[in-house]
């Protein structure tokens, strides 16, 4: 680390606040840091049993923390005990569904997509026009069903906007396709 007086000051200096240039050298690794993905299991505090949680926290015997000389070990044990209480009183949810379809796609549409894909594979394998015609029919049907389901979903979000604005933000987040936390971060 180098610290030196910086001559072309951006603002007028005084004796107690000189302009400084600080040079820091870091050894950058090329390692990729994997941050937790959005689909990690987390606590669902909306469905928590708060009265029981409060009661458990009040009745907890915290004197075991006095037995540790190292504050880091005491903190680890504190968190371990706290998470045990949370596990008993707060259900967990998965961050996102494993489905590759948007949640406005119905089961009927999903089945038609799978059937359409099966006929496409059969047609590619055999070059039989019967399979191609069925594939073409299903492709058109799925396209119409998707448009209809999407427009129904948009209309439902618009109708419920006044009473449930979170539906709009769910829609926006689905359309963005990203979370606020990046999955990967690379040091350069």
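Residue numbers (the numbering used here): 247 to 434. Note that CB positions come from ideal geometry on N, CA and C, so glycine has one too.
Span separating the alpha-carbon of residue i from that of residue j
i, j, result
"residue 415", "residue 349", "14 angstroms"
"residue 383", "residue 338", "43 angstroms"
"residue 290", "residue 340", "9 angstroms"
"residue 258", "residue 268", "19 angstroms"
"residue 368", "residue 286", "38 angstroms"
"residue 397", "residue 292", "30 angstroms"
"residue 373", "residue 389", "23 angstroms"
"residue 371", "residue 347", "26 angstroms"
"residue 260", "residue 317", "42 angstroms"
"residue 250", "residue 321", "40 angstroms"
"residue 411", "residue 405", "10 angstroms"
"residue 399", "residue 407", "12 angstroms"
"residue 255", "residue 262", "14 angstroms"
"residue 409", "residue 296", "26 angstroms"
Where the beta strand (DSSP E) containing residue i begins and where it ends
i, result
"residue 340", "338-340"
"residue 383", "From DSSP, residue 383 is part of no beta strand (DSSP E) but of the alpha helix (DSSP H) over 375-405."
"residue 312", "Neither: residue 312 is in no beta strand (DSSP E) and is coded neither H nor E."
"residue 259", "Counting along the chain, residue 259 falls outside any beta strand (DSSP E), and DSSP gives it neither H nor E."
When the options are compared against residue i, the one with the closest alpha-carbon
i, options, result
"residue 392", "352, 331 and 363", "352"
"residue 271", "254, 263, 311 and 248", "248"
"residue 387", "375, 373, 361 and 316", "361"
"residue 402", "417, 390 and 318", "417"
"residue 253", "260, 262, 266 and 261", "266"
"residue 333", "408, 407, 288 and 400", "288"
Within 8 angstroms, strictly: CB atoms of residue i and residue j
i, j, result
"residue 307", "residue 335", "no"
"residue 359", "residue 395", "no"
"residue 299", "residue 328", "no"
"residue 304", "residue 324", "no"
Own chain, CB closer than 7 angstroms to residue i, minus 5 neighbours either side, in chain order
i, result
"residue 365", "377, 380, 381 and 384"
"residue 264", "251"
Continuous alpha helix (DSSP H) stretch holding residue i: start and end
i, result
"residue 326", "317-335"
"residue 358", "353-372"
Cβ shell of residue i (< 6 angstroms), same chain only, five flanking positions each side left out
i, result
"residue 315", "none"
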